[in-house]
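For reference, the structure is listed below as structure tokens.
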Amino acid sequence: MAYFTLIGFGPRGWGAALAQATLMTLAVSIAAFGVGIVFGMFGCWAKLSGSVVARGAATAYTTILRGIPDLLVIYLLYFGGSQAIGSIARLLGHQGFFGLNGFVVGTLAVGIVSGAYETEVLRGAYQAIPRGELEAARVAGMGRLLMLRRIIAPQTLRFALPGMGNVWQLVIKESALISVVGLVEIMNQTRIAVGSTGAAFSFYATGAALFLVVTTFSGAAFRRAERWAMRGMPSGGGRRA
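Mapping to the UniProt record's numbering: the sequence shown position 1 is 1, numbers consecutive.
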């Protein structure tokens, strides 16, 4: 019963704080996932473009961001960004420490990292589109924007959804890293609760359960979206013409 008192919503319980931290985790994850999609689309376009410079920049982006620890990216953006802003402010005659907003920095950091994975997911999805469909669209006289709206975007989304679901799960887990910038999400809130009560196992196990609930329900949502996107498509075990 002591455990349920600790995580409950009573005067001695941490239930309200944990619920608010869970909402913060969801908010950061959704925002970072959206930022990652934007970076991924630009990265995919660059890798598929005819420009050597654009392809080189996109390759460097995906190689570097997938090759260094995510925590280091957060440190670089938060502390490095604060130092850069502070240096500029001192040149303008202002003194003191200029900290960046933890939510913005955390969202941007996780989004930039996930964007490197989204780039490869979207690139692979685009390359999975049957070339015959694109050629038929060109022969039919479709312009680039019309072909993008009717063929490329729907088909790319259809093939990208499984990979995007995996990236989403990655983003949720990476959201725990932004606790280092002071944002009170699930990981930081459980650490605060442990420091106040000493009930390490109870709160860390509860934090793990909250992450599991979020990933389980969101994973089910992505699987449902995949089934919706693949409606009308022949199954892998069906007959082929």
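C-beta: ideal position from N, C-alpha, C; glycine also.
Sort the options by Cα distance to residue i and report the nearest one.
i	options	result
Leu26	Thr107, Ala220, Gly99	Thr107
Arg230	Arg158, Ile85, Arg138	In the sequence as presented, Arg is not what sits at residue 230; that position holds Met. Minimum Cα distance to Met230 is reached at Arg158.
Tyr75	Phe201, Leu177, Thr22	Leu177
Gly34	Ala116, Leu65, Asn188, Ile192	Ala116
Arg224	Gln169, Gly165, Met142, Thr197	Gly165
Thr22	Trp228, Ala220, Phe222, Thr206	Thr206
Val113	Ser51, Arg144, Leu65, Pro154	Leu65
Lys47	Leu134, Gln127, Met142, Ala153	Gln127
Leu212	Tyr61, Leu91, Ile186, Gly93	Ile186
Ile30	Thr197, Ser175, Ser196	Ser175
Tyr3	Leu210, Ser202, Phe222	Ser202
Ala125	Leu210, Gln155, Phe217, Ser49	Gln155
Lys173	Glu133, Ala200, Gly111	Gly111
Gly19	Asn188, Leu134, Ala54	It should be pointed out that residue 19 corresponds to Ala in this sequence rather than to Gly. Considering only alpha carbons, the answer is Asn188.
residue 257	Ala136, Val52, Met24, Thr62	With the chain running from 1 to 241 in the structure shown, residue 257 is simply not present.
Met24	Ala54, Val53, Phe222, Leu210	Leu210
Suppose contacts are defined by Cβ-Cβ distances below 8 Å. Is residue i in contact with residue j by that definition?
i	j	result
Val73	Glu118	no
Val171	Gly67	no
Leu100	Ser87	no
Who are the Cβ neighbours of residue i in its own chain at under 8 Å, not counting the five residues just before and after it?
i	result
Thr5	Arg12, Gly13
Leu71	Leu177, Val180
Tyr204	Thr190, Val194
Thr59	Lys47
Leu134	Met147, Ile151, Ile152
Ala57	Ala46
Since residue i is in the alpha helix (DSSP H), which residue starts that stretch and which ends it?
i	result
Trp168	153-174
Val181	Counting along the chain, Val181 falls outside any alpha helix (DSSP H), and DSSP gives it neither H nor E.
Trp14	Where Trp14 is concerned, there is no enclosing alpha helix (DSSP H), given that its DSSP letter is neither H nor E.
Ala225	200-229
Leu6	2-7
Closer than 7 Å by C-beta to residue i: which residues in its own chain qualify, once you throw out the five before and the five after it? Chain order, please.
i	result
Gly237	With a pLDDT of 41 at Gly237, under the threshold of 50, the modelled position of that residue is not reliable, and no figure is offered here.
Pro162	Glu226
Leu77	Val105, Leu108, Ala109
Phe103	Val28, Leu183
Gln169	Thr215, Gly219
Near residue i, which residues of its chain fall below 6 Å by C-beta distance, leaving aside the five closest residues on each side in sequence?
i	result
Cys44	Thr119, Leu122, Arg123
Arg131	none
Q) Taking only runs of the alpha helix (DSSP H) that begin and end inside the segment 119-146, which ones reach a length of at least 4 residues, in chain order? A) 131-139
Q) Which ranges would you report for the alpha helix (DSSP H) in the segment 58-123 if only whole runs of at least 4 residues count? A) 70-75, 81-91
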